[in-house]
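Participant: Shown below is the structure under consideration.
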Amino acid sequence: MFRAELPIQTRGRGFYPLDLALNELIGESGVREGLCHLFLLHTSASLLITENADPDVRLDLENFMQKLVPDGRVHYRHNMEGPDDMPAHIRSALTQTEVTVPVLAGSLALGTWQSVFLWEHRLQGHLRRLLVTIR
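Residue numbering for the sequence shown is 3 to 137, as defined by the working numbering.
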């Protein structure tokens with residue numbers, strides 16, 4: 003078993019591709035076939051496997067989420083860190099903070115149009131920590 007903590011510096015709300023960094027860790031692990039488990043150590047960001055070719059997909063996802071969970075203190079009691087604080091927690095609760103991807107031939111076994119992304123839900127950038135376990 004191989005375990006590493008992957009730091010991800012975000013620049014604010016949006017999607018951050020993880021495939022390259024994860025494949026590098028898989029290479030370090032020496033695992034050729036197995037599983038890569040990801041666990042995000044935060045409550046205001048999430049993990050997502052989605053379309054990697056057309057960035058409009060991620061834009062549409064963000065626009066949909068903004069309509070579903072709008073920013074603003076009027077809607078929520080918890081706003082200690084600003085109007086995007088509670089919406090970020092709700093977004094994280096509606097999505098996922100962990101994902102497992104098969105490893106084949108020493109890399110992530112993703113479909114042609116799939117990539118793994120960290121989805122930052124806060125407006126400001128944050129240093130996010132991702133616990134990666136490969137076996």
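Even glycine gets a Cβ: it sits at the ideal position worked out from N, Cα and C.
#1: Could you spell out the range, first to last residue, of the alpha helix (DSSP H) harbouring residue 64?
#2: May I have the straight-line CA-CA distance separating residue 38 from residue 85, to the nearest angstrom?
#3: So the candidates are 20, 55, 59, 30; which of them puts its Cα closest to the Cα of residue 41?
#4: Assign residue 89 to one of two classes, buried (16 or more other C-beta atoms within 10 Å of its C-beta) or exposed (fewer than that).
#5: Which of the three DSSP states, helix, strand or coil, is assigned to residue 124?
#6: How would you call residue 12, buried or exposed, if buried means at least 16 neighbouring beta carbons within 10 angstroms?
#7: Could you spell out where the alpha helix (DSSP H) holding residue 49 opens and where it closes?
#8: Would you identify the three-state DSSP class for residue 106, choosing helix, strand or coil?
Facilitator: The relevant details are as follows:
#1: Taking the sequence shown and counting its residues from 1, one reaches residue 64 at position 62. Counting along the chain, the alpha helix (DSSP H) containing residue 64 begins and ends at 57 to 70.
#2: Reading the sequence shown from its first residue, position 36 is the one you call residue 38. Reading the sequence shown from its first residue, position 83 is the one you call residue 85. So the alpha carbons of these two residues sit roughly 35 Å apart.
#3: Taking the sequence shown and counting its residues from 1, one reaches residue 41 at position 39. Cα-wise, what sits closest to residue 41 is 20.
#4: Here residue 89 refers to the residue found at position 87 when the sequence shown is read from its first residue. The residue in question, residue 89, is buried, as its Cβ has 16 or more Cβ neighbours within 10 Å.
#5: Within the sequence shown, numbered from 1, the residue matching residue 124 stands at position 122. Three-state DSSP puts residue 124 in coil, outside helix and strand.
#6: Translated into positions along the sequence shown, residue 12 becomes position 10. Residue 12 is buried by the Cβ-count criterion.
#7: One-based indexing of the sequence shown puts residue 49 at position 47. Here residue 49 belongs to no alpha helix (DSSP H); instead the beta strand (DSSP E) covers 47 to 53.
#8: In the sequence shown, residue 106 corresponds to position 104, counting from 1. Looking at residue 106 - three-state DSSP - the assignment turns out to be strand.
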